Amino acid sequence: MGMADLNSMTLKELKDLQAQVAKAIASFEDRKKLETLAKLRELARADGFQLEELTALTTTRKRAPSAVTYANPANKSDTWSGRGRKPRWFIEAMAAGKKREDLLV
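Numbers given in our numbering equal positions in the sequence shown, counted from 1, plus 999.
Printed below as a string of structure tokens:
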């Protein structure tokens, strides 16, 4: 199907074609995932493991949220942990002559 064919199609026909292509892509991806999973299972089995055993080794631990360190003097519910980008209120407070210690919770 060339561009000339697409240019002669109606909007409905193009949308139908788009839906068919989306289904075909999803089906292809699902099929490739299953094939890859089967290959990985076979590789693990050849070395005497179950794939699930190996994937369990790579789970990531969640980090605990950092504690609140600084609070906006104008709105105490607006806080910052001291990590990452400084919030605007913190920068403005520092420019106004406040010290970091003044903003500690």
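All C-beta atoms, glycine included, are put in the ideal place defined by N, C-alpha and C.
Keep in mind it's a predicted model, so treat the numbers as computed, not measured.
Whole-angstrom distance between residue j and residue i, CA atom to CA atom
i            : j            : result
residue 1054 : residue 1060 : 14 Å
residue 1014 : residue 1051 : 41 Å
Sequence-distant residues of the same chain with beta carbon closer than 7 Å to residue i, five excluded per side
i            : result
residue 1066 : 1080
residue 1038 : none
Buried versus exposed, by CB contacts within 10 Å (16 or more), residue i
i            : result
residue 1089 : buried
residue 1033 : exposed
residue 1092 : buried
Bridge-paired residues (DSSP) for residue i
i            : result
residue 1103 : 1069
residue 1074 : 1071
Coarse secondary structure for residue i, derived from DSSP in three states
i            : result
residue 1054 : helix
residue 1035 : helix
residue 1046 : coil
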